[in-house]
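Worksheet: one structure, shown below.
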Amino acid sequence: MHHPRARSLLLAPLAALALVATACSGSGTGGDEPAPADQTSAAAEEPQAIVSLAPTTTEMLYAVGAGDSVVAVDERSDFPSDAPVTDLSGYTPNLEAILGYAPDLVVLTDDTGDIVAGLERSGVEVLQLPAAQTLDDTYTQLEQVGAATGHIGEAAELVSRMQSEIDEIVASVPERETPLTYFHELDDTYYTVTDDTYVGEIYSLLGLTSIATGDNPYPQLSEELILEADPDLVFLADGQCCGITPEVVAERPGWDGLTAVREDRVHVVDEDLASRWGPRIVDFMREVAAIVTAVPDAAPETAESPANQPAS
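Using mature numbering (1 follows the signal peptide of the UniProt record, and there is no 0), the letters of the sequence shown map in sequence onto residues -23 to -1, 1 to 289.
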């Protein structure tokens, strides 16, 4: 049974089979009759040379069992450690360099420089997976990757396992009458997230509320607003990029008065886990859940006893 706070995290496993038809391009079949959906034909169409141009898509490919078919990944793909890292770039993709690996499937997140059209003209199938907005998006994309690579069963099992683990994590976090507030620092200029973002949904499921609100999901906050909001927790997603640590935060003028600083609730989080919407989001949730669970409930306010009152 799924925890009520998990909202509607479940998807119909077969939804990806319909979605992958639109997400994948350049199939080059040209026929009017659909191919038989048996295992033999699926195996025959399974890509043999896959190029991944984003860290998240690389992690997804390996997670569904398609790693043996991956021949090249972009320069920023650092997980898993045995992925064939190259100097390919997802930010500035080079068509000729990609084609040098003779791929029959390229998986990417962004269509930078019309790279998708170039690959299609070259007869290469493309699976584009834009940045997820919700956990449901992650599940859908994993199923799409499974369908595109001939690993439908593995992808379905992965999604089911992730859902179960997330339900367990959410259920393990004690509910509070008043949600804890947080500031998720994206960089040292105080860009952050609202609850209406991918990582914001993760925090919300764990009983947290962002101090940032408004229509812009990734606003830049003023230092004054942060100090006035006095978040219960501060999560630093800029430790790797900017060298920000709890000690650096405590030295900022006025920040030593924050509840999060005084109570040692400033935490460096793995920015790769926090920014990638792949299967390791479960690890990020587990990390945050442990932090949240360790925060004690606020002591109830009681009237000052006569013994402690000053003498008149």
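C-beta atoms are modelled at their ideal positions from N, C-alpha and C, and glycine is treated no differently.
{"Check": "Out of Y78, V269, E52 and I75, which has the shortest C-alpha to C-alpha gap to Y180?", "Outcome": "V269"}
{"Check": "In three-state DSSP terms, what is residue 299?", "Outcome": "With the chain represented from -23 up to 289, any question about residue 299 goes unanswered, as that position is not in the structure."}
{"Check": "According to DSSP, is Y167 part of a helix, a strand, or is it coil?", "Outcome": "coil"}
{"Check": "Beta-carbon within less than 7 Å of V62's beta-carbon, same chain only, minus the 5 sequence neighbours each way: which residues are those?", "Outcome": "V50, E52 and S54"}
{"Check": "So is D274 buried or exposed if we call it buried at 16+ other beta carbons inside 10 Å?", "Outcome": "exposed"}
{"Check": "For S187, count neighbouring C-beta atoms within 10 Å of its own C-beta (all shown protein chains included) and say buried if the count is 16 or more, exposed if not.", "Outcome": "buried"}
{"Check": "If distances are taken between C-alpha atoms only, which option among I203, Y159, D59 and V28 comes closest to V101?", "Outcome": "V28"}
{"Check": "Considering only their Cβ atoms, is the gap separating V272 from V243 smaller than 8 Å?", "Outcome": "no"}
{"Check": "So, with DSSP's three-state summary, where would you put A19?", "Outcome": "Because the pLDDT of A19 is 45, which lies under 50, any placement of that residue in the model is unreliable, and the question is left without a value."}
{"Check": "Along the chain, where does the beta strand (DSSP E) containing S212 start, and where does it finish?", "Outcome": "Reading the sequence as shown, one finds Phe at residue 212 and not Ser. Its beta strand (DSSP E) spans residues L210 to L213."}
{"Check": "Which residue's Cα is closest to the Cα of V245: G220, L235, G90 and G231?", "Outcome": "G220"}
{"Check": "Applying the criterion that 16 or more other CB atoms from any shown protein chain within 10 Å of the CB defines a buried residue, is I143 buried or exposed?", "Outcome": "buried"}
{"Check": "Alpha carbon to alpha carbon, how far is D241 from L198? Give it in angstroms, no decimals.", "Outcome": "22 Å"}
{"Check": "Would T166 pass as a contact of T190 if the rule is Cβ separation under 8 Å?", "Outcome": "no"}
{"Check": "Take the Cβ of T155 as the centre, count every other Cβ of all protein chains shown within 10 Å, and call the residue buried at 16 or more, exposed below.", "Outcome": "exposed"}
{"Check": "Relative to the C-alpha of P196, which candidate in E23, T169 and C218 has its C-alpha closest?", "Outcome": "T169"}
{"Check": "Per DSSP, what kind of secondary structure is A28 in: helix, strand or coil?", "Outcome": "Rather than Ala, the amino acid found at residue 28 in this sequence is Val. V28 falls in the strand class under three-state DSSP."}
{"Check": "Measuring only the C-alpha atoms, how far is S2 from P107?", "Outcome": "Low confidence applies here, because S2 scores a pLDDT of 48, under 50, leaving its location unreliable; read the following figure in that light. Near 15 Å, if we compare the C-alpha coordinates of P107 and S2."}
{"Check": "Give a yes or no on whether the C-beta atoms belonging to Y159 and L182 are separated by under 8 Å.", "Outcome": "no"}
{"Check": "What are the start and end residues of the beta strand (DSSP E) that includes F160?", "Outcome": "L157 to E162"}
{"Check": "Could you check the C-alpha separation between C218 and L250 for me, to the nearest Å?", "Outcome": "14 Å"}
{"Check": "Suppose the cutoff is 7 Å on Cβ atoms and the five residues either side in sequence are ignored; what does the same chain contact list for V176 look like?", "Outcome": "H161, V170 and A251"}
{"Check": "Helix, strand or coil: how does DSSP classify E240 here?", "Outcome": "coil"}
{"Check": "Please report the residue range of the beta strand (DSSP E) in which E102 lies.", "Outcome": "E102 to Q105"}
{"Check": "Short check: CB of E145 to CB of A132, under 8 Å?", "Outcome": "no"}
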